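These notes concern the structure reproduced below.
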Amino acid sequence: MPRFQDPLSELSGSDSDSDVGEDPRVDVARPQNKRKRTDKIDLQTLQQHGYKSGPSVLYVPAPQQAEQSWEWASGKDAVHANREDKDTETAQDREQTRAAATTGAEATAALSQKAMQQNLKLKAGKRAEQHQMTQERRQTFQQKEKRKREVGQAKSAKNYVEEEKRLARNFGMYSGFDT
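Going by numbering that gives the first Met the number 0, 175 is the number at position 176 of the sequence shown; the sequence numbering is gapless.
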């Protein structure tokens, strides 16, 4: 029996099944050597095959920096400092600011008035609900039952026959049995 098919042959000391001259490592597959590249790629080879390089970074000029001043600034923007029409611009700016502030204030006031009206409506609804709850507490048992019957929430455990007769009378059906 070949060595690769007998897993227990290594545990026993005897190699009676295998050939004497056989090396156990022969059956193991050897990795093939990868092809070594002897060709080195250089720029001339690439250019012969159609490679075109882009502009070089070496030819880009260095950025020109203005002379920096490390003194404290006066708080005025350089763009505003060189303007000729300071007064007219500021007057226009003031008018725009004033218009924006008034429209913003009007919108805010209208929004707050709507919020107040909604709040008053909610409070009035809550008061009405509380008043109705107190009125319901003050009603007698018969008044409560009458209200429940009108809504359709009458207790059905008391007398089913009487409730059915009452409902039939409401729809105009008279049997003559109980009249």
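Cβ coordinates follow ideal geometry from the N, Cα and C atoms, glycine included.
Computed from a prediction, not measured in an experiment: that's the story for all the values here.
Coil, strand or helix - residue i by DSSP
i    : result
S52  : coil
V59  : coil
D38  : coil
M132 : helix
T96  : helix
L110 : helix
L166 : helix
L10  : coil
Q142 : helix
Cβ neighbour criterion (16 or more within 10 Å) applied to residue i
i    : result
T139 : exposed
Rounded separation between residue i and residue j - CA only
i    : j    : result
T133 : K147 : 16 Å
G171 : K145 : 19 Å
V59  : S52  : 15 Å
N158 : Q117 : 47 Å
H181 : S174 : With the chain covering only 0 through 178, there is no way to say anything about residue 181.
G74  : A108 : 36 Å
beta-carbon residue i near the ligand NAP non-hydrogen atom, thresh 7 Å
i    : result
H130 : In the structure shown, the ligand NAP is absent, as is every other ligand, since no ligand is present at all.
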